[in-house]
Amino acid sequence: MPGGIATVTLTGRYIRPDGTPLSGTVTITTPSLLTLSGANSITAGSTVVTLDNAGSFSCVLVATDNANMQPTGWRYSVTEKFTGITGRTYSIDLPASTPTVDIADIAPADPATGNYVTVAGPAGADGRTILSGTSAPGAGTGGNGDFYIDTAAWTIYGPKTGGSWPSGHALNGGVVSLTYSDVGADPAGAASAAQTAATSAAQSYTDTAVAAEVARANGAYDTAGAATSALSSAHTYTDTAIASEAARADSAYVGAADARLTNARTPTAHASSHASGGTDALTPAAIGATTPADITTALAGHVADVAHGDQPSENGLLAWTYDPNMAGHVTAQSNSGMAGRITLSRILLRKTITWSNIWLGLAGIDASAVLSNCYLGIYDASGTLKGTTADVSSSLMTSAIAKPFPLTSPFTATPGTYFVAMLLNGTWATNSLTFKCSGAGISVNAGLSAPNLRYSNLLTGQTSLPSSLTLSGQTTTVISSGWGSQWYGVS
Numbered sequence: 459m460p461g462g463i464a465t466v467t468l469t470g471r472y473i474r475p476d477g478t479p480l481s482g483t484v485t486i487t488t489p490s491l492l493t494l495s496g497a498n499s500i501t502a503g504s505t506v507v508t509l510d511n512a513g514s515f516s517c518v519l520v521a522t523d524n525a526n527m528q529p530t531g532w533r534y535s536v537t538e539k540f541t542g543i544t545g546r547t548y549s550i551d552l553p554a555s556t557p558t559v560d561i562a563d564i565a566p567a568d569p570a571t572g573n574y575v576t577v578a579g580p581a582g583a584d585g586r587t588i589l590s591g592t593s594a595p596g597a598g599t600g601g602n603g604d605f606y607i608d609t610a611a612w613t614i615y616g617p618k619t620g621g622s623w624p625s626g627h628a629l630n631g632g633v634v635s636l637t638y639s640d641v642g643a644d645p646a647g648a649a650s651a652a653q654t655a656a657t658s659a660a661q662s663y664t665d666t667a668v669a670a671e672v673a674r675a676n677g678a679y680d681t682a683g684a685a686t687s688a689l690s691s692a693h694t695y696t697d698t699a700i701a702s703e704a705a706r707a708d709s710a711y712v713g714a715a716d717a718r719l720t721n722a723r724t725p726t727a728h729a730s731s732h733a734s735g736g737t738d739a740l741t742p743a744a745i746g747a748t749t750p751a752d753i754t755t756a757l758a759g760h761v762a763d764v765a766h767g768d769q770p771s772e773n774g775l776l777a778w779t780y781d782p783n784m785a786g787h788v789t790a791q792s793n794s795g796m797a798g799r800i801t802l803s804r805i806l807l808r809k810t811i812t813w814s815n816i817w818l819g820l821a822g823i824d825a826s827a828v829l830s831n832c833y834l835g836i837y838d839a840s841g842t843l844k845g846t847t848a849d850v851s852s853s854l855m856t857s858a859i860a861k862p863f864p865l866t867s868p869f870t871a872t873p874g875t876y877f878v879a880m881l882l883n884g885t886w887a888t889n890s891l892t893f894k895c896s897g898a899g900i901s902v903n904a905g906l907s908a909p910n911l912r913y914s915n916l917l918t919g920q921t922s923l924p925s926s927l928t929l930s931g932q933t934t935t936v937i938s939s940g941w942g943s944q945w946y947g948v949s
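For the sequence shown, our numbering assigns the number 459 to the initial residue and increments by one for each residue that follows.
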């Protein structure tokens, strides 16, 4: 983060009821372009964090109350999307005074529990602010504004007296909260004469929504509580908010409610609008489903698993070049012909795995061999080195069995084509250092050409595996005698 910007570290952890971690993303978005003149920077857009294997995340964000920032008074929008679970979107403040915040401490709870959500309201003409608090009203509690909204019961309390919420000053229990509404108060906080008259009978309106309309009417009701001519026929008001209030109104309103809001009508069927090609078509992602491409990939891997005989999983492996039962031969070449060459064996992955080890069948050991700079590695279809072992020279001198050789850094391998590379250096007796292979020889490349040969060799004089290979340069100068057709496994 550039210097001069106050930040907050936001952390979180999401788990299922049994403690297993959720998977998915959390997106934190600014509402607009934010100018941070003190740091000569502008910030905008979203930060997307992916939950790790423990269901956790941590990210550093610009504090919402940075000095010399325009605009002010904004909040981050948080969107939670989890696999198999309906997500949600809500807003949060991240003031610099709290440098580290866990999202569990500020995310809204289910409104049905009666908890209170901190939401800023409009500033009144006298500078007062209507806020909801974080606890029930009472001495020394509630939000930091002058008015308090209980969002569970939709009741307004206020104003504060000496920094505390007076009990009993609910909207339904008195007119104090109406006196200091968002219109009509003078700078000292006193109600105007028109407003006092408008609210003198407000406590007789027991419907909260109607009482709120009384306060906002600013003189539309006379002192007797009857509607003036401006409101005498509620159904003529086309404004949606007023029409909705008219529909819910009790005897405090004069005139019949708009028939459009009172007659029962069967909802019009609209499933077709959400169908593919409709005016409001839904995508699989919109309802939490996997995309067709994901389904195709999954099915391809499943078909591959069931369409053949023995599978890698039955040997505790993730993939292999072919069934080890078919590796009935051994390869053997002179060190003068093989030292410094890279041999490649193609392997296909049909599902995403974490590649940690390369297995091979060590068939024969030359006790007199002198080996050095011997490596196994993996290249992807573009020729990029994705993983490599340490020098395996000493491991080729012991235990003539099928065994794993660990990568120095395991990596995530997505479905596609990969090539297992072998590099040998040193001296050994021909026909002594051998590896399990198939007997197919050069015929394994039938119908194939570079850069997609199933078995091939590249380069000479190498003492380590290069970071990339030009696969179009694949040749068969060595594997024609069977050297490159080794069996390899993956775990």
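A virtual CB, placed ideally from N, CA and C, is assigned to each residue, including glycine.
How would you label residue i, buried or exposed, when you count the other beta carbons within 10 angstroms and need 16 or more for buried?
i, result
"G572", "In this prediction, G572 has a pLDDT of 39, which is less than 50 and means its spatial position is unreliable; what the coordinates show is noted afterwards. Exposed."
"I937", "buried"
"F515", "buried"
"G905", "exposed"
"A739", "exposed"
"D824", "buried"
"P645", "Low per-residue confidence applies at P645: pLDDT is 40, beneath 50, and the placement is therefore not dependable enough to give any value."
"T657", "Its pLDDT being 43, under 50, T657 is placed unreliably in this model, and the coordinates cannot settle the point."
"Q791", "buried"
"H732", "exposed"
"N793", "buried"
"V466", "buried"
"R474", "exposed"
"N524", "buried"
"I859", "exposed"
"Q528", "exposed"
"P725", "exposed"
"S943", "buried"
Would you kindly work out how many angstroms separate the C-alpha atoms of residue i and residue j, rounded to a whole number?
i, j, result
"T493", "L818", "59 Å"
"S840", "G874", "11 Å"
"S925", "T842", "6 Å"
"A729", "I543", "23 Å"
"N815", "T846", "9 Å"
"L929", "A898", "22 Å"
"V956", "Y876", "Only positions 459 to 949 of the chain appear in the structure, and residue 956 is not among them; the question remains open."
"W532", "A744", "27 Å"
"A567", "V506", "22 Å"
"L807", "Q932", "21 Å"
"A871", "S555", "43 Å"
"S490", "G503", "7 Å"
"T935", "G795", "10 Å"
"G746", "L509", "17 Å"
"V828", "R912", "30 Å"
"S896", "D768", "16 Å"
"A526", "L927", "A small fix is needed here, since residue 526 is Asn in this sequence, not Ala. Rounded to the nearest angstrom, the two C-alpha atoms are 52 Å apart."
"L923", "I800", "8 Å"
"K809", "N783", "23 Å"
"L916", "S857", "28 Å"
Could you tell me which residues DSSP puts in a beta bridge with residue i?
i, result
"T892", "G822"
"W778", "G947"
"C517", "L468"
"W886", "DSSP output for W886 lists no bridge partner at all."
"S504", "T487"
"I564", "I564 pairs with nothing; no bridge assigned."
"N815", "P864"
"L494", "S499 and M527"
"M880", "T801 and L834"
Near residue i, which residues of its chain fall below 8 Å by C-beta distance, leaving aside the five closest residues on each side in sequence?
i, result
"P770", "L776, A777, W778, G947 and V948"
"G919", "G798"
"T547", "S535, V536, T537 and E538"
"I811", "L776, A777, T870, A871 and V948"
"G774", "S949"
"I500", "L491, L492, T493 and L494"
Residues in its own chain within less than 6 Å of residue i by CB, not counting five upstream and five downstream?
i, result
"F863", "I816, L834, T847 and V850"
"A908", "S930 and Q932"
"N831", "N883 and T921"
"L802", "F877, A879 and S914"
"N602", "Note that N602 scores 46 on pLDDT, short of 50, meaning its location in the model is unreliable; the coordinates nonetheless yield the value given after this. Excluding positions up to five away in sequence, the list is empty."
Spatial neighbours of residue i within its chain, please: CB distance less than 7 Å, with the 5 preceding and 5 following residues excluded, ordered by chain position.
i, result
"K539", "G482, T483 and G545"
"G461", "A497"
"T892", "V788, T789, A790, A821 and G822"
"N416", "The structure shown has nothing for residue 416, since the chain only spans 459 to 949."
"G736", "S730"
"M459", "T465 and V518"
"S826", "A887"
For a cutoff of 8 Å on Cβ pairs, would you count residue i as touching chain B?
i, result
"S867", "Any reference to chain B falls outside this structure, which holds one protein chain only."
key: the segment 466-473 in contact with the segment 552-563 per 3-pair CB rule at 8 Å   = yes
key: At least three beta-carbon pairs within less than 8 Å, the segment 824-839 to the segment 878-891   = yes
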